[in-house]
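Here the structure is laid out as structure tokens; the discussion comes afterwards.
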Amino acid sequence: MGITRQAAQQRFAPEDVPQTTTKSTKRISGATAFNEMQILNMEGKAGYHLVGFGPLFLTVMASNAVWEHRRMYSLNGAGKRTRMEAEGWIYVGNWFPFHYFKRIVP
């Protein structure tokens, strides 16, 4: 890609990752590309939504709504992001090459 590993990590890091958990947030360890969507599906049904992520963890926040989550694969997610936001999805962030979205279940 023409950039260093450190530059890529800084560029594609999630925007606002809480470093500590509170009563309304929880950090889930052991999340991988293979199981994170299953975890987010269960957490969304329990009223939690994704607010941060990184290597092997997800940070979710409690709410009074049921949430659904999507992960899109894209090297350049601008077009997909615009399309998803037009459908009511909220962009959470990206962890190259994945882009994460959430929305309240209608």
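Counting from -6, one number per residue, gives the positions in the sequence shown under my numbering.
Backbone N, C-alpha and C define an ideal beta-carbon position, used for all residues, glycine too.
Just to confirm, are Trp82 and Arg96 a CB contact at a threshold of 8 Å? Residue numbering aside, residue 82 sits at position 89 when the sequence shown is read from its first letter. Residue numbering aside, residue 96 sits at position 103 when the sequence shown is read from its first letter. Yes.
So Glu61 and Gly37 are in contact, right, with Cβ under 8 Å, and what is the actual spacing, rounded? Counting from one through the sequence shown, the residue named residue 61 turns up at place 68. Counting from one through the sequence shown, the residue named residue 37 turns up at place 44. Confirmed, about 5 Å.
Just to confirm my understanding: we take Thr14, look at its own chain, exclude 5 residues before and 5 after, and list those with CB closer than 8 Å. What are they? The count along the sequence shown starts at 1 and reaches residue 14 at position 21. In this predicted model, Thr14 has a pLDDT of only 49, less than 50, meaning its place in the structure is not dependable enough to derive any value.
Inside the region 20 to 53 only - beta strand (DSSP E) runs reaching at least 3 residues: 41 to 47
Whose C-alpha, out of Ala55, Lys16, Leu49 and Gly47, is nearest the C-alpha of Met35? For the purposes of this step, residue 35 is taken as residue 42 along the sequence shown, with counting starting at 1. The residue with the shortest Cα to Cα distance from Met35 is Ala55.
On the CB-based measure, 16 or more other CB atoms within 10 Å of its CB, does Asp9 come out buried or exposed? To locate residue 9, count along the sequence shown from 1; it is residue 16. Annotation note: pLDDT 49 at Asp9 (below 50); position unreliable, coordinate value reported separately. It is exposed - the Cβ of Asp9 has fewer than 16 other Cβ atoms within 10 Å.
Measuring straight from C-alpha to C-alpha, what distance separates Leu33 and Gly72? Counting from 1 along the sequence shown, the entry for residue 33 is found at position 40. Counting from 1 along the sequence shown, the entry for residue 72 is found at position 79. Straight-line Cα distance between these residues: approximately 24 Å.
Please confirm whether Val85 and Val59 have their CB atoms less than 8 Å apart. For this step, residue 85 is matched to residue 92 along the sequence shown. For this step, residue 59 is matched to residue 66 along the sequence shown. No, they are not a contact pair.
Is Tyr84 helix, strand or coil by DSSP? What you label residue 84 is simply residue 91 of the sequence shown in a count that begins at 1. It is a strand residue.
Helix, strand or coil for Lys95? Go by DSSP, reduced to three states. The count along the sequence shown starts at 1 and reaches residue 95 at position 102. The answer is strand: DSSP assigns Lys95 an E or B state.
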